[in-house]
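Using UniProt numbering, the first residue of the sequence shown is number 1, and each one after it goes up by one.
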Amino acid sequence: MAEEIMQKIVSLCKRRGFVFPDSEIYGGLANTWDYGPLGARLLQNIRNLWWKKFVETRSDIFPIESALIMNPKVWEASGHLASFTDPLVECKICHARVRADKPEDMEAHTADHPGEEVTWTEPKNFNLMFKTFIGTAQDSKQEVYLRPETAQGMFVNFKNVLTTERSRLPFGIAQMGKAFRNEITTGNFIFRTLEFEQMEIEYFVKSADWEAAFEGWKEQMWDWIIGLGIEESKLKWRAHEKDELSHYSKRTEDIEFEFPFGWGELYGLAYRTDFDLKNHSGKSVEELQYEDPETREKYYPHVVEPTFGLNRTALVVLLSAYTEEGERVYLKLDPRLAPYKVAVFPLVSNKPDIVEKARDTFAVLRSTFAVSWDDRGNIGKRYAAQDEIGTPWCVTVDYQTLEDNTVTVRDRDTAQQERVNVDQLQGYFQEKLK
């Protein structure tokens with residue numbers, strides 16, 4: 001049943017324009033995906049809500065946008081060159097590589113060779129960063145890396161933000177952006193991919209205050225995901241064991257979601273101590289200590305890092321919204337996340353007065369909301385199509401509209417309809433979207 005639901009989501013996403021296989025006309029590329037017109041809108045709506053909640057409405061968090069390619073010394077100082085690895089084993093039959101710390105993946109691969117005795121090489125650690133080169137000479141002096149996380153861009157800009165914003169502890173630096181990891185993935189659609197987008201905050205505090213900050217961010221992260229309409233019963237916190245902790249972390253906890261393929265990480269919250277600022281200070285030309293403006297004491301702030309995966313958020317939202325009621329299929333999306341807020345239909349497409357009025361209504365609403373226009377097929381098929389992409393409300397312009405300037409507004413979740421005056425539509429939907 002769980003596998004069937006995932007297949008339905010993948011099919012819906014391809015059919016309706018949420019997610020496409022990358023480079024599909026050339027046979028695709030494993031673990032890469034493109035976001036179609038509806039998927040791009042969904043991602044942007046998630047970004048906008050996150051930005052409003054964690055940046056725009058706060059005075060203690062400052063945004064930046066750092067480069068994808070950084071001086072390779074950054075990754076040496078951060079420990080990624082030495083420690084950002086996965087243990088891999090290689091199948092001696094087909095030479096496929098599988099993570100040695102994921103026995104379930106090894107078992108699944110063995111099942112792909114029925115009747116054969118699968119043996120493995122000894123585990124070897126492989127660095128997960130994508131290496132590339134600057135210039136035309138591909139020698140070691142020109143080696144650079146695509147960033148595997150957005151965090152380091154914030155750490156190396158700590159002093160710049162501190163100086164320009166004249167900020168005081170506690171404060172945070174926020175960033176949204178792509179990261180790249182050359183890791184072995186097990187499919188599961190957009191759950192784990194070679195490139196992905198993070199929405200991340202580095203929150204700087206006094207060393208004595210890190211635990212309070214950690215607990216505070218746990219609450220804020222939980223409130224955020226619940227606020228997107230995700231059932232609490234599908235979520236849980238899981239603390240990392242000591243042998244799981246990243247090289248920079250003293251404490252890490254994940255919010256996990258119950259995916260169709262099992263529990264998996266959705267978001268992460270890490271206590272990075274003063275590891276990053278101290279290391280960058282020691283290996284760069286800048287001292288990244290914080291000076292207390294009152295006591296003049298200098299020290300390295302400690303860091304609590306809430307990390308939100310954009311792509312996994314989209315997947316969780318889609319899985320949670322997918323609803324079947326008999327033969328009716330719809331996405332019960334939070335209206336704030338829906339790619340289109342409203343769809344506008346002319347009841348019939350062969351009556352110029354009705355079509356013109358519908359076009360006028362569409363133009364007025366489009367100035368405020370993301371609005372879809374649909375005049376194909378009969379009204380029932382239009383409703384079904386909009387339900388399947390999660391559009392919360394459909395507006396139908398009909399014969400009565402020409403008489404009293406009212407339209408039919410249909411609710412996606414209840415399928416109930418009511419008449420609303422065209423002049424009141426903007427206020428009607430603005431109230432609904434609060």
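Ideal Cβ positions, reconstructed from N, Cα and C, are used throughout, including at glycine.
Values in this document were obtained by computation on a predicted structure and should not be read as measured data.
Residue 305 sits close to residue 272, with the two beta carbons spaced by under 8 Å. Between residue 169 and the set 264, 283, 205, 91, the nearest pair of CA atoms involves 205.
Cβ-Cβ separation between residue 322 and residue 9: approximately 6 Å, consistent with a contact (criterion under 8 Å). Counting only the Cα atoms, residue 86 lies some 7 Å from residue 99. Of the residues assessed, residue 237 falls on the exposed side of the cut-off, its CB having fewer than 16 other CB atoms within 10 angstroms.
For residue 172, the number of other beta carbons within 10 angstroms of its own is at least 16, and it is reported as buried. Per DSSP, the continuous beta strand (DSSP E) segment holding residue 21 begins and ends at 19-21.
Contact annotation: residue 197 and residue 221 have beta-carbon atoms that are not nearer than 8 Å.
Excluding residues up to 5 positions away in sequence, 336 lie with their Cβ nearer than 7 Å to the Cβ of residue 49 in the same chain. In the DSSP assignment, residue 13 is bridged to no other residue. Three or more beta-carbon pairs separated by less than 8 Å are not found between the segment 60-74 and the segment 212-230, which leaves the two stretches without contact.
Close CB contacts of residue 130 within its chain, under the 6 Å cut and outside five residues either way in sequence, are with 146, 180, 182 (chain order).
Residue environment analysis places residue 352 among the exposed positions, since fewer than 16 neighbouring C-beta atoms fall within 10 angstroms of its C-beta. Measuring C-alpha to C-alpha distances from residue 380 to each of 302, 346, 55, 193 identifies 346 as the nearest. Boundaries of the alpha helix (DSSP H) around residue 226: 210-227. Between residue 227 and residue 331, the alpha-carbon positions lie close to 17 Å from each other. Per DSSP, the unbroken beta strand (DSSP E) holding residue 371 starts and ends at 371-373. Counting only runs of 3 or more residues that sit fully inside the segment 347-404, the beta strand (DSSP E) segments are 371-373, 393-397, in chain order. Burial of residue 91 is indicated by the presence of at least 16 other C-beta atoms within 10 angstroms of its C-beta. Taking a 10 Å sphere around the C-beta of residue 133, we find fewer than 16 other C-beta atoms and assign the residue as exposed.
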